[in-house]
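Which chain is which? The protein sequence lines are X and D, in order.
The first sequence: position 25 = 199 (this note's numbering), numbered continuously.
The second sequence: position 38 = 212 (this note's numbering), numbered continuously.
Below is one structure, written out as structure tokens; comments come after it.
2 protein chains.
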Amino acid sequence: MGRTSDANIRLMNAALELIWEESYGAVTIDDICNRAEVKKGSFYYFYKSKADLAVAALDRMWNEEWKPTLDGIFSSSVDPLARFSAYFDWVYRAQAGLKKKHGKVLGCPLCSVGSEVSTQEQNVSAKVREVFSRKLKYYESTIRDAIAAGQIAPCDAAKKATAIAGLIEGVVAQARIMDDPEVIQSLGAQGLTLLGAKSAAVASA
Amino acid sequence: MGRTSDANIRLMNAALELIWEESYGAVTIDDICNRAEVKKGSFYYFYKSKADLAVAALDRMWNEEWKPTLDGIFSSSVDPLARFSAYFDWVYRAQAGLKKKHGKVLGCPLCSVGSEVSTQEQNVSAKVREVFSRKLKYYESTIRDAIAAGQIAPCDAAKKATAIAGLIEGVVAQARIMDDPEVIQSLGAQGLTLLGAKSAAVASA
DNA sequence: CCTTGACTAGACTAAACAGTCAACTATTCA
DNA sequence: TGAATAGTTGACTGTTTAGTCTAGTCAAGG
Numbered sequence: 175m176g177r178t179s180d181a182n183i184r185l186m187n188a189a190l191e192l193i194w195e196e197s198y199g200a201v202t203i204d205d206i207c208n209r210a211e212v213k214k215g216s217f218y219y220f221y222k223s224k225a226d227l228a229v230a231a232l233d234r235m236w237n238e239e240w241k242p243t244l245d246g247i248f249s250s251s252v253d254p255l256a257r258f259s260a261y262f263d264w265v266y267r268a269q270a271g272l273k274k275k276h277g278k279v280l281g282c283p284l285c286s287v288g289s290e291v292s293t294q295e296q297n298v299s300a301k302v303r304e305v306f307s308r309k310l311k312y313y314e315s316t317i318r319d320a321i322a323a324g325q326i327a328p329c330d331a332a333k334k335a336t337a338i339a340g341l342i343e344g345v346v347a348q349a350r351i352m353d354d355p356e357v358i359q360s361l362g363a364q365g366l367t368l369l370g371a372k373s374a375a376v377a378s379a
Numbered sequence: 175m176g177r178t179s180d181a182n183i184r185l186m187n188a189a190l191e192l193i194w195e196e197s198y199g200a201v202t203i204d205d206i207c208n209r210a211e212v213k214k215g216s217f218y219y220f221y222k223s224k225a226d227l228a229v230a231a232l233d234r235m236w237n238e239e240w241k242p243t244l245d246g247i248f249s250s251s252v253d254p255l256a257r258f259s260a261y262f263d264w265v266y267r268a269q270a271g272l273k274k275k276h277g278k279v280l281g282c283p284l285c286s287v288g289s290e291v292s293t294q295e296q297n298v299s300a301k302v303r304e305v306f307s308r309k310l311k312y313y314e315s316t317i318r319d320a321i322a323a324g325q326i327a328p329c330d331a332a333k334k335a336t337a338i339a340g341l342i343e344g345v346v347a348q349a350r351i352m353d354d355p356e357v358i359q360s361l362g363a364q365g366l367t368l369l370g371a372k373s374a375a376v377a378s379a
């Protein structure tokens, strides 16, 4: 009983947007309240700090956005290497779309925030690590599938997944830093090379 | 005439240290002054803002630290692939050393700061891009040398350099986020695979 | 040795910021 | 319908911060 509200959801969305557009440290609680059209008192009714909200917002991002997207792209019903190709392509198109919409390449919020707060905000940092680990699992099982299918050279799937994640995050970070989505354009070919794909198309990378 | 001072250098060093340990946004001018043992009045005598100091500090970092190190590792007198191997190894050891000394993996300050401020601080961002571009040139010419030596498959050197930089930065960022230098341990093998090295040792990656 | 100018000291202001609180309002359910 | 509950409001406090200003200190060059 009592009145209901979606202010907490508006706060999570506003926080994620602002942190993605600027950075964790540059965004104030007042900024978030303004964007969400929520008053300070309500903010503190739902969350006890910016870090607390950030953790909730990252959790929501994973459940509402990332998990569904990854479940679609990394579906077991799709050919293993084709999953990676589709994902590389999705990453590129997503960043190019952000540039068109926001006027800037925004990169990966998880990596930006994680790198920014890792030595500072323990709770935020733990949530980033959790989401990161979940994402790695998609890469890892797809690598195992690709090995089983004889599409790539046998390797340590966990290490290869880390390397693939590194390549993606690093290239996307460069795109943000350079504010140029075209940096990501050749990610697909480079990614297949790193995977050790046996396809002929890779030679042209 | 008049007295001389190294307060500006102490300020640059303190700024770089603090920003590396925490983040650009988390560090205040007072923090920097305290670490450098310099009073506010002197700070504003030398620099007009935190961004102004950050630009100077990054410039100094490049000239005093990075350029000499890279000139040594990427010396033309060394075998091309061996340069990369030595560099991958240096990256790993540097981060493992930071973990021992600071208790935390600190990652790459250029990438962390660049990613954090790219949509905010224009001047800092421009300096980050400049240093980044300089670093890419080492990779690029080494890739060309490796192709000429027949050590790696022919490819677009600029694109490959971007990919290599991405892999390194991404893996190092993961190491910072996870606070675990071991994430970087297999960078060497993965890097050689991404380069398209023809050596047999790569197969075990 | 003293003048000039580079540098230092630290108190000060104003703004931005996080966080609190008590009174108020709307909704639900009994 | 009305009591209990869930959420809202905005003014308030105290602290941290950037940035300023003036009076001073110190070292080199003449």
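Backbone N, C-alpha and C define an ideal beta-carbon position, used for all residues, glycine too.
Considering only DSSP beta bridges, list what residue 326 of chain D is partnered with.
D:371
Distance, residue 335 of chain X Cα to residue 352 of chain D Cα
15 angstroms
Helix, strand or coil: which one does DSSP assign to residue 198 of chain D?
coil
Under 7 angstroms between beta-carbons, which chain X residues line up against residue 364 of chain D? List them in chain order, please.
337 and 368
With a threshold of 16 other CB atoms inside 10 Å of the CB of residue 296 of chain D, please say whether the residue is buried or exposed.
exposed
Among D:186, D:209 and D:191, the one whose alpha carbon lies nearest that of residue 275 of chain D
D:191
Name the chain D residues that come within less than 9 angstroms of residue 142 of chain X, Cβ to Cβ?
Residue 142 of chain X falls outside the range modelled here, since chain X spans only 175 to 379, and no answer is possible.
Can you pull the chain X neighbours of residue 348 of chain D, defined as C-beta to C-beta under 8 angstroms?
306, 336, 339, 340 and 343
Alpha carbon to alpha carbon, how far is residue 187 of chain D from residue 199 of chain D?
17 angstroms
Nearest chain D C-beta to residue 293 of chain X closer than 8 angstroms, yes or no?
yes
How big is the Cα-Cα spacing for residue 235 of chain X and residue 226 of chain X?
14 angstroms
Option in D:184, D:347, D:268 and D:232 with minimal Cα separation from residue 292 of chain X:
D:347
At a Cβ threshold of 8 angstroms, is residue 200 of chain D touching chain X?
yes
Compare the C-beta of residue 303 of chain X against all C-beta atoms of chain D and say whether one is closer than 8 angstroms.
yes
Hey, which unbroken runs of the alpha helix (DSSP H) at 4 residues or more fall wholly within the region 193–279 of chain X?
203–210, 214–220, 224–235, 241–247 and 254–276
Would you give the residue range spanned by the alpha helix (DSSP H) that residue 336 of chain D belongs to?
331–352
Min CB distance residue 278 of chain D to chain X below 8 angstroms
yes
Rounded C-alpha distance that separates residue 214 of chain D from residue 286 of chain D:
26 angstroms
Give the secondary structure of residue 282 of chain X by DSSP, where H, G and I count as helix, E and B as strand, and everything else as coil.
coil
What separation, rounded to the nearest whole angstrom, lies between the Cα atoms of residue 332 of chain X and residue 326 of chain X?
14 angstroms
What's the C-alpha gap between residue 273 of chain D and residue 280 of chain D?
7 angstroms
Can you tell me which of D:182, D:308, D:184 and D:302 puts its alpha carbon nearest to the alpha carbon of residue 248 of chain D?
D:308
Would residue 316 of chain D be called buried (16 or more neighbouring beta carbons within 10 Å of its own) or exposed?
buried
Is the Cβ of residue 263 of chain D closer than 8 angstroms to any Cβ of chain X?
no
When you compare the CB of residue 374 of chain D with every CB in chain X, is at least one pair closer than 8 angstroms?
Unreliable placement is indicated for residue 374 of chain D, whose pLDDT of 43 sits below 50; no coordinate value is reported for it.
Could you check which residue in D:189, D:294, D:322 and D:206 has the C-alpha nearest to that of residue 232 of chain D?
D:189
Apart from the five residues just before and just after residue 319 of chain X, which ones in its own chain have a Cβ nearer than 6 angstroms to its Cβ?
254
What whole-angstrom Cβ distance do residue 361 of chain X and residue 345 of chain X have, given they're in contact under 8 angstroms?
5 angstroms
If you compare alpha carbons, which of X:261, X:339, X:323 and X:257 is closest to residue 303 of chain X?
X:339
Determine the chain X residues that contact residue 360 of chain D at a beta-carbon separation under 9 angstroms, and present them in chain order.
330, 333, 334, 336 and 337
Since residue 368 of chain D and residue 322 of chain D are thought to touch, with beta carbons under 8 angstroms apart, how far apart are those beta carbons, to the nearest angstrom?
That belief does not hold up - the Cβ atoms of residue 368 of chain D and residue 322 of chain D are roughly 19 angstroms apart, past 8 angstroms.
Helix, strand or coil, according to DSSP, for residue 304 of chain X in the structure here?
helix
How long is the line joining the alpha carbons of residue 378 of chain X and residue 267 of chain D, rounded to whole angstroms?
Only weak support is given to the placement of residue 378 of chain X: the predicted model assigns it a pLDDT of 41, under 50, and the value that follows is read from those uncertain coordinates. Roughly 33 angstroms between the two C-alpha positions.
Is there a Cβ of chain D sitting closer than 8 angstroms to that of residue 207 of chain X, yes or no?
no
I'd like to know if residue 353 of chain D contacts chain X, where contact means its C-beta is closer than 8 angstroms to some C-beta of that chain.
yes
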